[in-house]
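Structure record follows, encoded as structure tokens.
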Amino acid sequence: MDARMTGMGIVCCRSRGLNAFEQALRAGWVPPTFSEVPGIDRPVPAYTVPPEALKDKTVLGPMRRADRLSKMAVLAATDAWRDAGMDRADSSEVGLVVASGLGPHVRTFEFLDGILDFGDDSASPTVFSHSVHNAAASYITTSLQILGPVLTVTDFDFAFQQALTAALCWLEEGRCARVLVGAAEELGQVMLHVCARMVDLPPDGRPKPFEFSDSPSTVPGEGAVFFVLSAEESGEDYAAVSIGSPPARDADLWIMDAQGLSGTEEGYRELAPAGASLANYSPLTGGMMSGTAFQCAAAALSLRNGMRYASPVPENPHGLNVCRETKPAELEKISCLKLGASGEAAQIDLRRR
Amino acid sequence: MRPSRTVWITGLGVVSAAGVDVPETLSAFDQSSRNPSPVSLFETALACPVFEVPLDPFPQENGRWSRTFRLAMLAVEQALKEAGEIHRDPGRRIGVCLGTTVASQLNNMEFYRAYRRNANPPLEPVRDFLKGNLAQNVARSLGVRGPWATIVNACSSGADAIGLGLDWLRAGLCDAVIAGGADEMNRVPLCGFHSLGIVSDAPCAPFDLHRSGLNLGEGAGILVLEAASSRPEKAELVLAGYGAACDAHHLTAPHPEGRGLKRAIEAAMEFSQTSYDEVAFLNAHGTATRDNDLVEGRVLAELFGPGVVALSTKGYTGHALGGAGGMEAVFTALALREGWVPASVGFETPDPDIGIRPLRRKTGIEGPAAVSTSLAFGGNNAAIVIRRVA
Amino acid sequence: METSLDELKQKLKELVVESLALEDVEPSEIEDDMPLFGDEGLGLDSLDAVELVVMLQRNYGLDVKEMQKGIEIFRSINTLAEYVSKNATK
């Protein structure tokens, strides 16, 4: 099963929009911001979405109660919709799948605040209704008037792969003509506290995406990215996308989708074919459980623009062929490979045509 | 839509306040008996009646595994036993697709209380949470190899998980799917639904004129689905269709004309090539809130006629959130197999605004098909069609 | 507890704006008899209604059990202030 990617939208630490993301791919790695986090004795690095990226009166005006996660998701989904040239006439034939590892945890803890501060019978219904995993999807459907099937999937490693599979199944079944599929993650104080205690955060803020160690070093990020997938070609497509069978073969570029949040990464050392050209773009956006979606965005831009983008933090102690230079290249196929916490592997293939 | 590639239902498993397995559940349905009572599983100031499962499943794992997972595994084991333990066959790819709500959230009170006090909070609850989500944990426990996914679509999660399992099988991604949903009784949704003003102080009365809100429940409902292409023997029941559509209206209120529910039902009926007069009965979502029952009832009356045999089993089980869609698919399959539906317990007085009149007593059914509907916060609507093969 | 009805109305306007995250509304812009719900006036919806119930609970110890009653109480700042001044337990 495959589908054509006809539109894309993204919100990340480099701000909102494909231009900002493309500039980030060219400019390379920048250090994260460091902040004080309750209960942690050193500043914690993170890649956060800047407030100005979430200002849009037209789109967000009707969403005054929405949480940050929902806002990021709606903006990225709206941008993808517009990028694909869609209008309201299409909406009854559009489905939506949203992937998130941690969902709206900020509102969840806020809801617990209400229970602990005011009692079981005085908790906030607004906060509760935003603390459910499908709140972001609900806002996207209302904002874009999407009337087809809607799904939110959650997984700590493969949420985006699962979302993509569901989207491809729907197109195959004819449940809808197009699917808006994407991922969204947010950061918050509680999760940064947890991250700082459970994950190896580099003191200088520079992650090690190719170290492939037992205890990966990463900097967490947040953001949202959405794609419009269509069963039909339109000539303006970014790529054809499909679920591949690992290990990857015959790709022009392999994205080693090590996000630093799935435990040991030693298994990546055997996955990369000898001499193959490798990249990992997660240092641009920060590590996220559903960060695969951002890797796919980089891959799609590569294919459409005819560019091989340098991997932002290329140091690798294993003598791998990590792409160090951004230059024009007519790539035909990019494979994105991820290992889960228990050693399972999943692959997404993107092809030019 | 393409003509259907047959998917059998070869195993059923269910645990709810109505019973810890299929025989107990059928007995409760037969007697029209139910037992709502105040929360006993945790401390709360809220006195509203709920439907708890009167069992600590796999008690030796209590503390290590969540109650949601243990409820799910109880139902999974029942369903697999009926299906012939297909998970033990290493040659078959078996997927796991489950819906849930509470189990997907990090909402451990002890952890968060400690965090707020700035006393180094214990990370054990977080580690437990991050061990893997519901579907992945079930897949790992069974040692199956195949796709997995955890669907978090609020109250339609279980139904949507079954629908995705159906699509996986038709796409050839695996040979069989363990599909359904599970959710445990939990303080967070209890407080949450109460804050929305839709929880009743009395045992719930779905579709009743005087209904005053829902009762929370818990449980798990699991179907074993097998692609006919991977299983030569016929089965009695077919998962014939699934349809889903969104209201695109509001975060918590259903579309006043139920436009998403209508599209979902129409899609499921078309997908399954079932005509409306073949439908023996409807297992409605029927939460007993003023809004849901009004919208849903009107749509069902419009599509199937006001005389259609209809019921809500939430009078027996409460609303088990992510578990509901799975449980109700099981109840629908059971009713087709057994040839009768229970009384829609809790319903007494018809609401003239609604149109449908649920059953007040156990009733024999005629017709090869049945429909189960689910409506969720966020505007998701799902419909499942199950058919009995002659 | 506010000593005058005017002070109470002012406080209620602030609480409405705060608890409902009405970003673009100044409390002073809410007129005392402006309809809070529906398309004219403030345009609040069903989720706002239940949030206001919690607001009354937390700030004034009031428990609005039935939504029918709630619709009358929440009609405007005037009706809200009247209800609170007659019934508040905090």
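Chains as they are written, first to last, in the working numbering: chain A, 315 to 667; chain B, -14 to 375; chain C, 126 to 215.
Glycine included, C-beta positions come from ideal geometry on N, C-alpha and C.
Contacts of residue i in chain A (Cβ-Cβ under 7 Å)
i      : result
Q193/C : Residues of chain A passing the Cβ test: none, with the nearest at roughly 18 Å.
R183/C : F432 and S436
A230/B : L461, G462 and P463
Under 9 Å from the C-beta of residue i: neighbouring residues of chain A
i      : result
L181/B : P439, F442 and S443
Inter-residue CB distance, residue i and residue j (contact presumed, cutoff 8 Å)
i      : j      : result
N268/B : E211/B : At roughly 22 Å, the Cβ-Cβ gap does not stay under 8 Å, so N268/B and E211/B are not in contact.
D381/A : H444/A : 5 Å
L501/A : A391/A : Contact flag wrong, Cβ pair sits at about 20 Å.
A167/B : A205/B : 4 Å
A286/B : G340/B : 3 Å
R665/A : A553/A : 6 Å
P597/A : P631/A : Actually they do not touch by this definition, with Cβ atoms about 16 Å apart.
E536/A : T320/A : 26 Å between Cβ atoms; not a contact.
I71/B  : L208/B : About 13 Å separates the two Cβ atoms, so there is no contact after all.
V222/B : R322/B : According to the sequence shown, residue 222/B is Leu rather than Val. So it is a contact: roughly 6 Å between Cβ atoms.
L167/C : M180/C : Rounded, the Cβ-Cβ distance is 14 Å, inconsistent with contact.
Contacts of residue i in chain C (Cβ-Cβ under 7 Å)
i      : result
A238/B : S171
Partner residues on chain A for residue i, Cβ-Cβ distance less than 8 Å
i      : result
M254/B : What M254/B touches in chain A: nothing, since even the nearest Cβ is about 14 Å away.
C159/B : The contacting residues do not exist; C159/B stays about 11 Å from chain A at best.
S89/B  : G417, H447 and T468
Proximal chain B residues relative to residue i, where beta-carbon distance stays under 9 Å
i      : result
V178/C : S180 and G182
D469/A : G117, N118, A120, Q121, W133, A134 and T135
Residues that DSSP places opposite residue i in a beta bridge
i       : result
L199/B  : V184/B
N365/B  : C231/B
M570/A  : L651/A
M512/A  : The partner list for M512/A (beta bridge, DSSP) is empty, contrary to what the question assumes.
K641/A  : R622/A
T358/B  : A368/B
G553/A  : According to the sequence provided, residue 553/A is Ala. The question's Gly does not apply to it. Answer is M319/A, bridged to A553/A.
W(-7)/B : E211/B and V223/B
I79/B   : A161/B
W50/B   : N47/B
R373/B  : L222/B
V326/B  : T348/B
H304/B  : L201/B
G558/A  : Q661/A
First through last residue of the beta strand (DSSP E) which encompasses residue i
i      : result
Q661/A : A659 to R665
M319/A : D316 to C326
A538/A : G537 to S544
S436/A : No beta strand (DSSP E) contains S436/A, which DSSP labels as neither H nor E.
P110/B : That residue, P110/B, is in no beta strand (DSSP E); its alpha helix (DSSP H) goes E109 to L115.
S349/A : T347 to S349
The alpha helix (DSSP H) enclosing residue i, as first and last residue numbers
i      : result
A201/C : Ala is not the amino acid found at residue 201/C; the sequence shown has Ser there. S201/C -> no alpha helix (DSSP H), and no H or E assigned at all.
R492/A : Counting along the chain, R492/A falls outside any alpha helix (DSSP H), though it belongs to the beta strand (DSSP E) covering R492 to E499.
F335/A : L332 to A341
T10/B  : V7 to Q16
P597/A : S596 to T599
V358/A : Careful: V358/A lies outside any alpha helix (DSSP H), inside the beta strand (DSSP E) at V358 to A360.
L181/C : S171 to Y185
S126/B : L119 to L127
E165/C : That residue, E165/C, is in no alpha helix (DSSP H); it is neither H nor E in DSSP.
E584/A : Y582 to L585
K134/C : L130 to S144
E333/B : Here E333/B belongs to no alpha helix (DSSP H), and DSSP marks it neither H nor E.
Chain-ordered chain B contacts of residue i [CB-CB under 8 Å]
i      : result
T456/A : A233, H234, H235, L236 and G364
V175/C : S180, L181 and G182
F432/A : None at all; the shortest Cβ gap to chain B is about 10 Å.
V504/A : Y97 and Y100
G353/A : Y100, N103, N105 and P106
Within chain D, the residues that residue i reaches when beta carbons sit closer than 7 Å
i      : result
N630/A : Among the chains of the structure shown, chain D does not appear; the protein chains present are A, B and C.
Per-residue contacts from residue i into chain C (C-beta, under 8 Å)
i      : result
R421/A : The contacting residues do not exist; R421/A stays about 12 Å from chain C at best.
Under 9 Å by beta carbon: chain C residues contacting residue i
i      : result
R379/A : L145, A146, L172, D173 and E176
Under 7 Å from the C-beta of residue i: neighbouring residues of chain B
i      : result
Q476/A : A134
Contiguous beta strand (DSSP E) assignments of at least 3 residues, all confined to the stretch 132 to 179 of chain B:
Taking only runs of at least 3 residues, the beta strand (DSSP E) segments lying wholly in the stretch 132 to 179 of chain B are 133 to 136 and 161 to 168.
Residue ranges of each beta strand (DSSP E) within the stretch 391 to 429 of chain A, 3 or longer:
List check, beta strand (DSSP E) in window: 408 to 413.
4 or more residues per run - each alpha helix (DSSP H) lying fully within the stretch 445 to 472 of chain A:
449 to 458
Taking the runs of the alpha helix (DSSP H) that are 4 residues or longer, which of them lie wholly in the stretch 203 to 288 of chain B?
244 to 256
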